[in-house]
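Here is the structure we will look at, set down as structure tokens.
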Amino acid sequence: MELLTNLLSKEFIDFSDTDEVFRNQDQGTPASNRTVSAADVVLYGVNIVLPLMSQDLLKFPSLCNQYYKLITFICEIFPEKIPQLPEDLFKSLMFSLELGMTSMSSEISQLCLEALSPLAEQCAKNQEKDTPLFIATRHFLKLVFDMLVLQKHNTEMTVAAGEALYTLVCLHQAEYSELVETLLSSQRDAVIYQRLADAFNKLTASSTPPTMDRKQKVAFLKSLEEFVANVGGLLCVK
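Numbering (our numbering), first residue to last: 1 to 238.
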């Protein structure tokens, strides 16, 4: 347990200099010299640690906190490396993010939300659809949407959830529209229906489709505050 905690701690793995290069030199054969980036070193450690993490181990608060800090740092600093992970490791990472969002403390949930934005931005940068990461972000769109609209959550998480939602909406605009339409069509109360419809229209009132533009993102987050104030608690389920 102590070894895992040290391995997962930020102090044990230095994220501060991502450009640092470690050189592996074989004195007998100079031609075999190669460079290994800091990202490769960190991800090598993740390959060891991630398969060991179980839901039982995550019941230890300190270990759980260090674990989620680590995977959030990786998603934020090395998002381009995530699609390159082995399939099993990638699935474990995505499951960890979903578990953290839905079943852990608000602090852990916020860390997971912060990890989603760079992953969605990476997908948008690559412009490749139907990749495992693209499909995973589509799933997370619904989770974040439900969190903001249907579930009670700590108001301090609204910014992180809003930033994640915006980047995911940019990536999956059609799916977002479907989520809104499905929610509206399920409303039997005409008053609630109209309040929701008006709130969603104001939330995405821009005449241009959302993009990874900072000004658009700031405007969306401001509109989201008003959205939460208007419909917060209206549809919340336990």
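The beta carbon of each residue, even a glycine, is placed where N, CA and C say it ideally should be.
Inter-residue Cα distance where the pair is residue i and residue j
i	j	result
L148	T158	7 Å
T167	L221	11 Å
L43	V228	38 Å
G45	R188	52 Å
E128	A120	11 Å
P79	T182	32 Å
Q66	N154	21 Å
I192	M53	43 Å
D198	N47	47 Å
K202	L89	40 Å
K81	V49	17 Å
L93	S186	33 Å
R195	L184	10 Å
N230	A219	17 Å
L63	A115	18 Å
F73	S96	14 Å
Helix, strand or coil at residue i according to DSSP, with G and I counted as helix
i	result
A205	coil
S186	coil
K129	coil
V139	Here the sequence assigns His to residue 139, which means Val is not the residue at that position. H139: helix per DSSP, three-state reduction.
Q55	coil
D198	helix
D88	helix
Cβ shell of residue i (< 6 Å), same chain only, five flanking positions each side left out
i	result
I108	Y68 and G100
Residues near residue i in its chain [Cβ-Cβ closer than 8 Å; skip 5 each side]
i	result
L113	M101, V144, M157, A160, A161, E163 and A164
H172	T137, R138 and L141
F134	C123, E128 and L171
V180	F200
Residue i Cβ short of 7 Å to the ligand ADP heavy atom set
i	result
F227	In the structure on display, the ligand ADP does not appear, and there are no ligands present to speak of.
Neighbourhood of residue i by C-beta distance below 7 Å, restricted to the same chain and skipping five residues each side
i	result
P118	C75, E76 and P79
E98	L143
L85	L93
L111	Y68, K69, T72 and G100
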